[in-house]
Amino acid sequence: MLCPVDHSELLMDSVDGYQVHRCVQCSGVALSGKLLRDVHAYAALKMHKQQGGVADVGPCPADSQAMMTLDYKGVAMCACPQCLNLWLSHDQWVRLLDMVGPPKQTDLSGVVPGLAATQGTFGLSSPDAFNTLDGIGDILELSAEIIEAIGKLTD
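Note that the sequence shown ends on residue 155 in the working numbering; no numbers are left out.
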C-alpha cells in the first residue's frame, strides 16, 4: 500500500491490537473505517449523500479510488467512498484518538451462559492446540462444537 500524500510504502503497525498502516515519511495513518464505528457510520452517511469534496491527496491506499474530504467533529480526514477506509495526518490521528479513544474489542463472554471465550473453548486446551488438528475428524469435531455454540446463541 502506498501513502496518498508522498507515495512511499506504508508500514503495518498496531494500535491496541488493531492493524493500521503508517507512512514513515509524513507520519500519516491509513486505517479501516470499521475500527472506529462512529466514524465509519458518519463517513458512510456522508459518502452516501456525496457531501464531501475531492481530497487533495492521492488515491485510497487500499483500493486506489479517489478519496473525499470529511470533517468528523472538527477532525479533518480523507475517506474512500468505495471501501470507507480513512486517511489521517499524524496530528489528526492523535486528535481523533483523544476524542473517540482507541478501537475497543467487544466482550462476548456473557453472551452465552456457561460458554467462556477463554483457552479451552471448543475442546482445545491452548491456542497451540490448533496445530494438533491433523485430520478431518478433528476438524469436524471442532466444527460441530462451534455450531453447537452458535445454536445456543439462537436459543
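Glycine included, every Cβ here is placed at the ideal spot set by N, Cα and C.
Is DSSP giving residue i helix, strand or coil here?
i	result
residue 82	coil
residue 96	helix
residue 41	helix
residue 121	Caution is warranted here: a pLDDT of 48 is assigned to residue 121, below 50, making its placement in the model unreliable, and the coordinate value is therefore given only provisionally. Residue 121 falls in the helix class under three-state DSSP.
residue 27	coil
residue 21	strand
residue 13	strand
residue 46	helix
residue 101	coil
residue 143	helix
For a quick check, are the C-beta atoms of residue i and residue j less than 8 Å apart?
i	j	result
residue 28	residue 88	yes
residue 153	residue 85	no
residue 57	residue 4	yes
residue 59	residue 65	yes
residue 21	residue 47	no
Which same chain residues end up closer than 6 Å to residue i when comparing Cβ atoms and leaving out the 5 residues on each side of it in sequence?
i	result
residue 63	82 and 83
residue 53	69
residue 34	40
residue 121	Note that residue 121 scores 48 on pLDDT, short of 50, meaning its location in the model is unreliable and no value can be drawn from it.
residue 198	Since the first and last residues shown for the chain are 1 and 155, residue 198 lies out of range.
With a CB to CB cut of under 7 Å and the five nearest residues on each side skipped, what residues in its chain are close to residue i?
i	result
residue 95	75
residue 99	73 and 75
residue 55	67, 68, 69 and 78
residue 19	12
Please name the residue or residues paired with residue i in a DSSP beta bridge.
i	result
residue 55	DSSP lists no partner for residue 55.
residue 76	71
residue 36	DSSP lists no partner for residue 36.
residue 88	29
residue 2	9
Is any non-hydrogen atom of the ligand PLP found closer than 7 Å to the C-beta of residue i, if you look at the structure I gave you?
i	result
residue 10	The ligand PLP is not among the ligands present in this structure, which contains no ligands whatsoever.
Count the other C-beta atoms from every protein chain shown that fall within 10 angstroms of the C-beta of residue i, then say buried if there are 16 or more, exposed otherwise.
i	result
residue 92	buried
residue 11	exposed
residue 45	exposed
Could you name the residues of the same chain whose beta carbon sits closer than 8 Å to that of residue i, not counting the 5 residues immediately before and after it, in chain order?
i	result
residue 90	26, 27, 28 and 29
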